[in-house]
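Start counting the sequence shown at 109; every next residue gets the next number (my numbering). Since the structure comes first, as structure tokens, the remarks are kept for the end.
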Amino acid sequence: MATNRLVPRATQPEMGKQAIPFLDVWIGFNFASGLVLLPILVLTFLLSNRVIKRHPSLINVCMTWILSGFFSLLLFFGGRSKPRDPEPSKALCIAQTSLLYGILPMWSVAVFILMYFILGVVNADGRSLRVGRGKMLMMLGAPYFAQFCFSVATLIVSLKNPSKVTREDKALYCALQFHPLSNAMYIFTFIVCLGIIMLEIQLGLLLYRNWRGLRRAGQSTPFDVQLVVRVIVFGGFVFLGMFVDIISMFSQRSVVPDMYAATAGTVVFLVFGSQADVLRAWCFWKRDGPVHVSPPESVGWMNIDLNSDSRTTTTSIIIGHGEKWGGSRRSMAGLTENRNDRNDNREGWSDPLRSPIPAQIADHVHGLHGTRDPAVAGVQGEGEGVSSR
């Protein structure tokens, strides 16, 4: 969130009475999303036994917005947020300026890693599902490394030129007047956002090809509309961010970048917090709904163990989380079978891992986004069934 003045906007005298409403809205969005909504969502992902386990890259995205909300409110916590409040100390102003400079790079890298993993999940041969611990740590640490690099660079410039760090004409936060560093930050963010859009386009093409191939084979196309909507909404928000990035570089008096950044955390919460299993977890007073079982001959939901041999694929049966069917969990041993054996007699049917069907794609992405039913009674290996207690 920075250009030569972080994210420049109209000065306090120019904004006049509008400064207070803008400030209140900006503080409200940052406080609500960064300090209330997203922490609740992350705790739900981590602690609730009624939701599907989320991939760390998704939790990482939420964490970056939590941190950015805290960074944005440093003046608020210090009692120096109002336009007529005393000038904050130079140390506080430099600290906030340095931290804010790394927010956009941190956001963009975190979302890029998330989209990279989603694309890997739906990739054709399935081998990209296997991610080593070292690579995973690098992926999860990349956003914070980007934040660290830009924050340190800003801190060095601010300490050498403290007079360029001020809030005297800003209504929201401390600002740095230094063109080279701000331009570098915005160019970096724009390039990463462009990469995110390219990944989403590639993901859309892959989904479309598999959907078209399945239709030609005369099979059903069980795409989840919610999945498509979430991908479109999130991708559209990132695409909008690219235009905001351009506005920030060329329109130094626009309030659009501030409002976009303030509402970003709320958008993330709405996209990932409106998933069925999350809503069920929050509605703790309600009992789980009825059991749903995938028909054995339908494409159904698929489950590929990310930690096992990628050549092994087994079907899964969907049931409600902790639910009982007719008073007890009924034996479903005969409903699970090896997909390869089932498809051997189908002429022209290819290996499901080499040519993943849309249900596989939907299941894996739902595993990341949580749109799948939270209790999936999967069977690992050949010939295993799901039996009742």
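The beta-carbon is built from N, C-alpha and C at its ideal position, and this holds for glycine as well.
Residues near residue i in its chain [Cβ-Cβ closer than 6 Å; skip 5 each side]
i: residue 389; result: 152, 156, 158 and 159
i: residue 210; result: 255, 258 and 259
i: residue 251; result: 172, 214, 217 and 218
i: residue 491; result: For residue 491, the pLDDT reaches just 46, beneath the cut-off of 50, and the residue's location in the model is therefore unreliable, although a value from the coordinates is still provided. Cβ within range, chain order: n/a, list empty.
i: residue 162; result: 153
i: residue 371; result: 137
i: residue 70; result: Absent from the structure is residue 70, since the part of the chain shown begins at 109 and ends at 497.
i: residue 145; result: 377
Residue i burial status per 10 Å Cβ neighbour count (16 or more: buried)
i: residue 221; result: buried
i: residue 337; result: exposed
i: residue 291; result: exposed
i: residue 366; result: buried
i: residue 142; result: buried
i: residue 320; result: exposed
i: residue 382; result: exposed
i: residue 138; result: buried
i: residue 282; result: buried
i: residue 308; result: buried
i: residue 343; result: buried
i: residue 316; result: exposed
i: residue 188; result: buried
i: residue 393; result: exposed
i: residue 391; result: exposed
i: residue 275; result: buried
i: residue 174; result: buried
i: residue 349; result: buried
i: residue 286; result: buried
i: residue 313; result: exposed
i: residue 387; result: exposed
i: residue 385; result: buried
i: residue 373; result: buried
Which of helix, strand or coil DSSP assigns to residue i
i: residue 273; result: strand
i: residue 280; result: coil
i: residue 383; result: coil
i: residue 128; result: helix
i: residue 138; result: helix
i: residue 157; result: coil
i: residue 373; result: helix
i: residue 363; result: coil
i: residue 187; result: coil
i: residue 356; result: helix
i: residue 436; result: Because the pLDDT at residue 436 is just 35, under 50, the model does not fix this residue reliably, and the value given afterwards should be weighed accordingly. Residue 436 falls in the coil class under three-state DSSP.
i: residue 391; result: coil
i: residue 338; result: helix
i: residue 194; result: coil
i: residue 429; result: Interpretation of residue 429 is limited by its pLDDT of 36, a score under 50 that renders its predicted location unreliable; the figure taken from the coordinates is listed afterwards. Residue 429: coil per DSSP, three-state reduction.
Own chain partners of residue i with C-beta closer than 7 Å, once the 5 adjacent residues on each side are dropped
i: residue 297; result: 212, 213, 216 and 353
i: residue 415; result: In this prediction, residue 415 has a pLDDT of 34, which is less than 50 and means its spatial position is unreliable; what the coordinates show is noted afterwards. For residue 415, where only same-chain residues beyond five positions count, there are no Cβ hits under 7 Å.
i: residue 293; result: 110, 209, 212, 213 and 258
i: residue 452; result: In this prediction, residue 452 scores a pLDDT of 45, lower than 50, which makes its location untrustworthy; no coordinate-derived value is stated.
i: residue 169; result: 218, 219, 222 and 376
i: residue 186; result: 196 and 200
i: residue 379; result: 338, 341 and 342
i: residue 135; result: 181, 184 and 189
i: residue 224; result: 307
i: residue 253; result: none
i: residue 300; result: 216, 217 and 220
i: residue 347; result: 305
Residue i: CB within 7 Å of a non-hydrogen atom of the ligand MN
i: residue 215; result: No copy of the ligand MN occurs in the structure displayed, which carries no ligand at all.
Bounding residues of the alpha helix (DSSP H) (the contiguous stretch that carries residue i)
i: residue 323; result: 287-324
i: residue 265; result: 241-268
i: residue 177; result: 164-180
i: residue 213; result: 211-229
i: residue 204; result: 198-208
Nonlocal neighbours in the same chain, by C-beta distance under 8 Å from residue i, ignoring five residues either side
i: residue 164; result: 244 and 248
i: residue 206; result: 259, 260, 262, 263 and 266
i: residue 303; result: 220
i: residue 203; result: 182
i: residue 178; result: 142 and 143
i: residue 270; result: 198 and 202
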